[in-house]
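Everything on this sheet refers to the single structure shown next.
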Amino acid sequence: MREVVIISGKGGTGKTSISASFSYLEGANAITCDCDVDAANMHLLLDANFAHQQNFMSGEIAVIDKDLCTNCGDCYEVCRFDAITPMQEYHQVDNISCEGCWYCSRVCTHDSITMQQQKAGDIFISDIKNGAKMAHAKLGFGAENSGKLVAKVKQEAKMLALKEDKEYVITDGSPGIGCPVISSLSGANLVVLVTEATLSGLHDLKRVHELVKTFNLKSVCIINKADLNDDVTKEIEYFLKKENIELIAKLPYDETFTKSLAKAMPIVEYDPNSKLSIVIKESWEKIKNKIQE
Amino acid sequence: MKITIASGKGGTGKTTLSTNLTSYLASQNRKVVLADLDVEEPNSAIFLKGKLKTEQVFNKMVPKWDSTDCTLCGKCAEVCNFNAIIDLPNEIRVYPALCHSCYACSELCPTNSLPMTPERIGEICEYDSDNFSLVEGRLDLGQEMAVPLIAGTIDFVDEKFDGYIKLLDAPPGTSCPVIEASRYSDFVFLITESTPFGLNDLRLAVETMRVLKQNFGVIINRYGIGDNGVEEYCQVENIPIVTKVHNDKEVAKLYSKGELIYPKIEHFKNSLDEIVEFIGGIK
Amino acid sequence: MKILFTAKGSEWSSPMDARFGRMEMMVIYDEESDTLEVLPNSETEAMEHGAGLQTAKKVLKHSPDIIITGNGAGGKALDILKTSNVKIFIGAGDMSIKEAYEAYKNGKLTEQL
Chain A
0 MREVVIISGK GGTGKTSISA SFSYLEGANA ITCDCDVDAA NMHLLLDANF AHQQNFMSGE
60 IAVIDKDLCT NCGDCYEVCR FDAITPMQEY HQVDNISCEG CWYCSRVCTH DSITMQQQKA
120 GDIFISDIKN GAKMAHAKLG FGAENSGKLV AKVKQEAKML ALKEDKEYVI TDGSPGIGCP
180 VISSLSGANL VVLVTEATLS GLHDLKRVHE LVKTFNLKSV CIINKADLND DVTKEIEYFL
240 KKENIELIAK LPYDETFTKS LAKAMPIVEY DPNSKLSIVI KESWEKIKNK IQE
Chain B
0 MKITIASGKG GTGKTTLSTN LTSYLASQNR KVVLADLDVE EPNSAIFLKG KLKTEQVFNK
60 MVPKWDSTDC TLCGKCAEVC NFNAIIDLPN EIRVYPALCH SCYACSELCP TNSLPMTPER
120 IGEICEYDSD NFSLVEGRLD LGQEMAVPLI AGTIDFVDEK FDGYIKLLDA PPGTSCPVIE
180 ASRYSDFVFL ITESTPFGLN DLRLAVETMR VLKQNFGVII NRYGIGDNGV EEYCQVENIP
240 IVTKVHNDKE VAKLYSKGEL IYPKIEHFKN SLDEIVEFIG GIK
Chain C
0 MKILFTAKGS EWSSPMDARF GRMEMMVIYD EESDTLEVLP NSETEAMEHG AGLQTAKKVL
60 KHSPDIIITG NGAGGKALDI LKTSNVKIFI GAGDMSIKEA YEAYKNGKLT EQL
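Protein chains in written order, with numbering that gives the first Met the number 0: chain A, 0 to 292; chain B, 0 to 282; chain C, 0 to 112.
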C-alpha cells in the first residue's frame, strides 16, 4: 500500500479537482482520503454516500453547575480568556472563548466546575463512484486542532486500504503550513505539490516546500493555470529545478475545470477526451511510476 | 465601522476583493484601513504596494523556569493541560509553542519558579500608502497560535484607526481563527463561488455566523461559471446578496501579476460600487 | 542491553509502529534476561498536542539503551531523549518487531541520535 498526498499551500489551485480525478482514474484500486477537513468538499465530486459516521471528540470546555456555584468569583479571577461571566446568582462559561485549560476547575473550591469533552466533528466512511471507499470528515463549528482529526481520517483510510488490500491511498491534503498539513503528510510515500502561476501561488509553494523538506519526503509538482502568467511559470520552474523537484505537468487555464466542478464531477469524468483530461491521466501514470522508484 | 471579509475555503477571491475595496474606498477619500488577518499566509501587501511604516514584535506570555527555589515537585507539568511542560528528574522544560498562556503553572507553582515572560510569536506590520493603511499580522514560521496574534492585530487597528472604515481580511475556514476575526465586527461579507463547492463552503460559513449571532451578507465571485445553487440557497435562507462579481479571465491575469483590478475592469468596479453602497446602508 | 521498539502489538511477529510520539505500544526487549516487556501507550491518543514529549518522558523512565522506530522522533521529543544516552535507530516502520531487531543487529538501520 502506497500513499500519495496532494497539497498546495494556498487554496483555489485546483488541488481537490486534481486529487478527485486521480481517484476516479485509479478506481477500485485505491482508497480516497480527504484531509481538507476545514472545508471538505471532495465528497461532492465523488458522490460520497456517508454510509458510516462516527463522532470525533476533541478538546474540553468548562461547565459550571449552577446549583453548586457559590458565586465566589475564583474562576473569574484566574481565567485569562475572558470566558467566565459573573451573573446574578452564579458564574457562566462562554463556550466560544473557553480554551479548556482546566485552571478554573482546579481552583474552584466547591467542585462546581467540570471539564467536558466536546464533539468537534464527524468522521465518515463512504462508498464513492469509483467503486471503492473514501474516508472524510467534517470539522464542527469553531473546533480547534484539525490536525488530530486529520490523523484520524488518515488512520481510517489506511486501515481500509490494508483490510481491502488496495494498492494506493490518494489523500487530498490540508491547506496552509500548520498542524493539519503536517498531519496529512505523515507517512506519505510521495507528495504532489499543486501550484498555480500566480505570485501568491509561488509564494505559498515555497513555504509549503520548506515544510515538506523538513520531513524528508519525495515530492513532485503540477503547475495549474500555467499559461496565466508566463513569467511566474518560469520562476516556478526555476525554483523546482533548483530544489530538484520533478515537474510532472503544466495544466492550462481551462474553463473545463470550473465547468466540471459545477456539475460535481472530476474533470476526467466530465470531459474524458479533453486535452486537460489527457494531461491529468498522463500525470497520474507518471506519479505512479515515481512512487515505484 | 468594522467589516470582516471571510470565506469557507481559500482561493475564492477574498484577498482580491478586500485589497481592491480598500484602494477603491481610499480613492473616494474615505478613511480606510485593511487588516490582513490571514496570519499564516498574509499576502495583501503584494497587491497594495504601501511603504512599511512600523513593525512591532508580537509576543505571547509563556512561563520561564527559574531553578533557584524549584523543588521539582512536578505540579506545573501536572496542571498544564497542553503538554507544554515536562518535568525531568533534574529540570523543568517549557515548550512555548504548545503554551496557551493560561498562567495555571505559573500561578499554582508553590515556589514561584515559573514567572511569565514575553516570547515572540510574530509581528504586526503597518504599511502606508498615499491614502490608506494596511496592517498585517504575520506569524513566525513554526508557530501555531494564530488566535492571539489575530486578536492583537485587531486591537492594534482599533487603537490606531478610530473613526476609519476597518476591513478585516479573515483567514479561510470555519475554525477558531476565522471566529476571532469575525466575532467583534459590525458585519461579515461571505465570499463564495456559484458552484456546488462554493455552496457547500457557504453553508458551513453560514452555520458559523449563525452560532456567533453575526450579521452577514454574501458576495458571489466568478459569477456565471456554475449553477444557481448559491442564489437559490440565499433566497430560501433570506441572506442578502451584496453583489455578483462576473467571471473574467482578465481578472485572473491581473491577479497573477499582483495588480489591482478595478482601475482596468469596469464590471469589477461596478461590483465595488454595489458593495460601497451596501456598506452605506449598514447601521 | 535494553532495546525499546515502537510497536502495534505485543509479540515478536507484531508490526512496528512507524510513529514515535503516538506509538501504540512500547515493547522492551531485555537481551540479558531474554524477556519482552509490553507497555501500552494509549493515553497519547487523546492528546491534541505534545504527545511526543509525554512519550519521550515515559520512554526515559524505562531507561532503554536503544530505541528502534520508523520515522524517528520529532524535534521536541528528541530534545528530551538527548538528556539521556539512548541511541535511536530509524527506518523500521514497515517491519515486524523481529525483522526490526534483525535489521538492527545487521547494521541495516540508520542512526537518528
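Idealized CB from N, CA, C, for every residue including glycine.
8 angstroms Cβ cutoff met for residue 112 of chain C and residue 77 of chain C:
yes
Could you check what DSSP says for residue 101 of chain C in three-state terms: helix, strand or coil?
helix
So, at 6 angstroms on beta carbons, what are the nonlocal neighbours of residue 217 of chain B in its own chain, with the 5 sequence-adjacent residues on each side left out?
189, 233, 238, 240
Is it a yes or a no for the region 199-218 of chain A touching the region 159-171 of chain A, going by three-plus beta-carbon pairs under 8 angstroms?
no
Contacts of residue 94 of chain B in chain C (Cβ-Cβ under 8 angstroms)
49, 52, 75
Could you give the DSSP three-state label for residue 12 of chain C: helix, strand or coil?
coil
Is residue 8 of chain A close to chain C? Criterion is C-beta to C-beta, closer than 8 angstroms.
no
Report the CB separation of residue 219 of chain A from residue 250 of chain A in whole angstroms; it is logged as a contact under 8 angstroms.
Contact doesn't hold; Cβ gap of about 14 angstroms is too wide.
Any beta carbon from chain C within less than 8 angstroms of residue 147 of chain A's own beta carbon?
yes
Kindly list the residues whose CB is nearer than 6 angstroms to the CB of residue 64 of chain A, restricted to its own chain and excluding five residues on each side of it in sequence; keep chain order.
111
Could you tell me which chain A residues have their CB closer than 9 angstroms to the CB of residue 102 of chain C, listed as they occur along the chain?
Near residue 102 of chain C there are no residues of chain A at all, since even the closest Cβ is about 19 angstroms away, more than 9 angstroms.
Taking only beta-carbon positions, decide if residue 193 of chain A is within less than 8 angstroms of chain B.
no
What do you reckon, are the CB atoms on residue 120 of chain A and residue 2 of chain A nearer than 8 angstroms?
no
Considering Cα atoms alone, identify which of B:261, B:155, B:103 is closest to residue 286 of chain B.
Any question about residue 286 of chain B goes unanswered here, given that chain B covers just 0 to 282.
Unbroken alpha helix (DSSP H) runs of length 4 or more, entirely within the region 129-175 of chain A: which are they?
145-162
Say whether chain A places a C-beta atom closer than 8 angstroms to the C-beta of residue 55 of chain C.
no
Under 9 angstroms, CB to CB, which of the residues in the region 233-252 of chain B have a partner in chain A?
246, 248, 251, 252
Does the beta carbon of residue 6 of chain C sit closer than 8 angstroms to a beta carbon anywhere in chain A?
no
What number of angstroms, rounded off, separates the C-alpha of residue 110 of chain C from the C-alpha of residue 49 of chain A?
44 angstroms
In whole angstroms, what is the alpha-carbon distance linking residue 213 of chain A and residue 242 of chain B?
43 angstroms
Relative to the ligand MG, is the shortest distance from any of its heavy atoms to the C-beta of residue 152 of chain A smaller than 7 angstroms?
Ligands displayed in this structure: none; no statement on the ligand MG is therefore possible.
Mind checking who residue 55 of chain B pairs with in its DSSP beta bridge?
B:123
With distances taken from CA atoms, which of B:158, B:278, B:213, B:85 is nearest residue 180 of chain B?
B:213
Check residue 279 of chain B in the structure and name its three-state DSSP category.
helix
Minimum Cβ-Cβ distance from residue 91 of chain C to chain A less than 8 angstroms:
no
Do you know whose CA, among A:287, A:147, A:157, A:156, lies nearest residue 180 of chain A's CA?
A:147
When you compare each of B:158, B:173, B:166, B:133 to residue 146 of chain B by their alpha carbons, which one comes out closest?
B:173
Can you find at least 3 beta carbon pairs, one from the region 58-66 of chain B and one from the region 185-199 of chain B, that sit closer than 8 angstroms?
no
Do you know offhand how far residue 130 of chain B's Cα is from residue 26 of chain B's?
7 angstroms
Quick one: measure Cβ to Cβ for residue 193 of chain A and residue 215 of chain A, integer angstroms, because I've assumed they're closer than 8 angstroms.
Between residue 215 of chain A and residue 193 of chain A the Cβ distance is about 20 angstroms, and since that is not below 8 angstroms, they are no contact.
Is any beta-carbon of chain A found at less than 8 angstroms from that of residue 17 of chain C?
yes
So, is the C-beta of residue 199 of chain A closer than 8 angstroms to a C-beta in chain C?
no
Tell me the residue span of the alpha helix (DSSP H) that contains residue 315 of chain B.
What the structure shows of chain B is the stretch from 0 to 282, and residue 315 of chain B is not part of that stretch, so it cannot be assessed.
Assign residue 162 of chain A to one of two classes, buried (16 or more other C-beta atoms within 10 Å of its C-beta) or exposed (fewer than that).
exposed
Distance check for residue 76 of chain B and residue 122 of chain A, CA to CA, integer angstroms please.
32 angstroms
Just by C-beta distance, which residues in the region 41-62 of chain A are closer than 8 angstroms to chain C?
57, 58
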